[in-house]
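> Heads up: the sequence shown begins at 253 in the working numbering, then just goes up one per residue. All C-beta atoms, glycine included, are put in the ideal place defined by N, C-alpha and C. Pasting a structure here, questions to come.
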Amino acid sequence: MLTKNDIRIRDPFILTDESKTYFLYGTTDQNVWEGQGVGFDAYKSSDLEHWEGPFPVFRPGEDFWGDQHFWALEVYFYQNQYYMFASFKAEGKCRGTQLLVAGSPLGPFSPLSENPITPSDWECLDGTLFIDDKIKPWIIFCREWLQVHDGEMWAQRLSSDFKTVIGEPVLLFRASEADWTVPVRGEKDYITDGPYLYRSQQGDLQMLWSSRSQNGYAVGIARSTTGNILGPWIQNPEPLLDEDGGHAMLFQTFNDF
253 MLTKNDIRIR DPFILTDESK TYFLYGTTDQ NVWEGQGVGF DAYKSSDLEH WEGPFPVFRP
313 GEDFWGDQHF WALEVYFYQN QYYMFASFKA EGKCRGTQLL VAGSPLGPFS PLSENPITPS
373 DWECLDGTLF IDDKIKPWII FCREWLQVHD GEMWAQRLSS DFKTVIGEPV LLFRASEADW
433 TVPVRGEKDY ITDGPYLYRS QQGDLQMLWS SRSQNGYAVG IARSTTGNIL GPWIQNPEPL
493 LDEDGGHAML FQTFNDF
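Now the structure itself:
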């Protein structure tokens, strides 16, 4: 068994299931910035303190398009399948979110399509899943500041099998719209990272997302004024976490924890 201190991971994401097991996913390559991407590993626990693993949940095949920057996977259970949303990059190709599928939370996961689900000519990352009130799936993703300077948050409908998108992507907001964000470079370069959507106890639709504040990598909250994914979205004036942040998400612990 491992403890939390034994696990080296970035961008953690936890999935829970009916067996009262917590599955921990995240960016697990030793060098996440340079060199060949290896894949993704996962861990499982019954108490969030003692963990089994690592379990290799994804290793790319020879024909997989991405070969570097294997980042920030998330796993969701939907219509009796497990779906992985993860970011990949390759030389000469834009970074994108690829969707993968498996019959088990520990994989192995296989790509749903040959190419990423995000626009092929956009630098995109950190795709996440949202299911609307009509039980329709959406992907929410970031368009990178490296391409557009003021990082953007976008939404697009997914088909029920997650293999294609429906309609055109819709801009939700730009990073600079939050009062707490500061440029990462120059005067116009703002980051959008790590969206995660949830409904509050009052039913409000909110989004956790990350950018840079005066004190470092921070996490903020955006709120849809209509309760609809298309917004309009407004930003909390102060960040939730002002420094030493990262990708944020929520999960519910088991009753006997």
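F322 and T279 - do their beta-carbons sit closer together than 9 Å?
Cβ distance < 9 Å, so T279 and F322 count as in contact.
> Hey, E375 and L398: beta-carbon distance below 9 Å or not?
Contact: yes.
> When DSSP labels each residue in this structure, what does L492 get in the three-state scheme?
L492: coil per DSSP, three-state reduction.
> Return the CA-CA distance between Y274 and G497, expressed in angstroms with no decimal places.
Approximately 22 Å, taken between the alpha carbons.
> If you draw a straight line from the C-alpha of W573 to the C-alpha of F292, how long is it?
Residue 573 cannot be examined here, being either before or after the span of the chain that is shown, 253 to 509.
> What are the start and end residues of each continuous alpha helix (DSSP H) run of 4 or more residues lying completely inside the region 371-434, in chain order?
If we require 4 residues or more, the alpha helix (DSSP H) runs fully inside the region 371-434 come out as 397-400.
> At a threshold of 8 Å, does T477 count as lining the ligand ADP (C-beta to nearest heavy atom)?
The ligand ADP is absent from the structure shown, which contains no ligands of any kind.
> Any idea what DSSP makes of D299, helix, strand or coil?
Of the three classes helix, strand and coil, the one that applies to D299 here is coil, per DSSP.
> So, for I443: in the same chain, excluding its five sequence neighbours on each side, which residues have a beta-carbon less than 7 Å away from its beta-carbon?
Closer than 7 Å at Cβ, skipping near neighbours: W397, G403, A427, V436, S463 and R464.
> Compute the beta-carbon to beta-carbon distance between A354 and P363, rounded to the nearest angstrom, for a pair I have assumed lies under 8 Å.
The Cβ separation is near 11 Å, so there is no contact.
> Only counting the same chain, and skipping five residues up and downstream in sequence, which positions put a Cβ closer than 6 Å to that of V290?
D281, listed in sequence order.
> Given a cut-off of 9 Å on the beta-carbon distance, is the pair A500 and W461 in contact?
Yes; because the gap between Cβ atoms is below 9 Å, this pair is in contact.
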